[in-house]
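In what follows, a single structure is set out as structure tokens and then discussed.
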Amino acid sequence: MPYYVYSIRSFGRLELREQFDAFRDASARAKVLRGALAADSGEQIKVIFAESEDQAVELLCQPRTPQPQGDD
């Protein structure tokens, strides 16, 4: 399964940036893209592991519940 690098902009707009076979390559590219972002852009760069682009978008759009903090 490939790793996808997505840009997430305001109002949840998703843009596929690139696709990689190895996490190391996807992570390195995401770090470069994050470094090039303006601090006040509000844009996020995410790496997601999924079977297809459709599944990647579905996973990125799902709300995530916060993990318990401390000894909970």
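Quick note: the sequence shown uses our numbering, first residue 18, plus one each step. Here a beta-carbon is modelled for each residue, glycine too, at the ideal position from N, C-alpha and C.
Counting contacts by CB-CB distance shorter than 7 angstroms, is residue i in contact with chain C?
i	result
Gln-36	Of the protein chains in the structure, only one exists, and it is not chain C.
Since residue i is in the alpha helix (DSSP H), which residue starts that stretch and which ends it?
i	result
Phe-40	40–53
Assuming the contact rule is C-beta atoms closer than 8 angstroms, residue i and residue j should be a hit. Round their C-beta distance to whole Å, please.
i	j	result
Glu-35	Ser-24	About 10 angstroms; that fails the 8 angstroms criterion.
Leu-54	Val-22	13 angstroms between Cβ atoms; not a contact.
Pro-19	Asp-38	6 angstroms
Roughly how many angstroms separate the alpha carbons of residue i and residue j, rounded to a whole number?
i	j	result
Val-74	Asp-88	33 angstroms
Gly-59	Pro-85	26 angstroms
What are the boundary residues of the beta strand (DSSP E) that includes residue i?
i	result
Arg-68	Per the sequence shown, residue 68 should be read as Glu rather than Arg. It is not in any beta strand (DSSP E) - Glu-68 carries neither H nor E in the DSSP assignment.
Glu-32	31–37
Ser-24	20–25
ask   = For the 8 angstroms Cβ check, are there 3 or more pairs between the region 64–71 and the region 35–48?
value = Yes, the region 64–71 is in contact with the region 35–48.
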